[in-house]
């Protein structure tokens with residue numbers, strides 16, 4: 059999971075600090091997420107998926123499909 063989060067960030071040419079600001083956490087905490095040193099809280103995982111327009115299943119390595127699931131309205 060952690061490598062996908064890093065690659066998605068790097069694909070957008072963002073720094074860890076920029077992602078941390080979006081997630082309202084410190085750069086150090088975000089760095090720990092990317093290195094897999096701490097579990098990512100569910101609400102943060104959802105925010106990361108939303109930001110990158112992907113699914114949490116993709117971030118969790120449950121699928122290789124990057125596209126977001128359709129939202130039922």
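Residue numbers (our numbering): 59 to 131. No residue lacks a Cβ here, since even glycine has one placed at the ideal position from N, Cα and C. Bear in mind that the values here come from a model prediction, so they are computed numbers and not experimental data.
Kindly give me the distance between the Cβ atoms of residue i and residue j, rounded to whole angstroms, as I take these residues to be in contact under 8 Å.
i, j, result
"residue 126", "residue 111", "5 Å"
"residue 85", "residue 74", "5 Å"
"residue 121", "residue 113", "7 Å"
Taking the continuous alpha helix (DSSP H) assigned at residue i, which residues delimit it?
i, result
"residue 60", "60-69"
"residue 105", "100-109"
"residue 91", "85-93"
Taking residue i as the reference, give the member of the options with the closest Cα.
i, options, result
"residue 77", "121, 108, 97", "108"
Would you check if the stretch 103-118 and the stretch 61-69 touch, i.e. whether three or more CB-CB distances between them fall below 8 Å? yes
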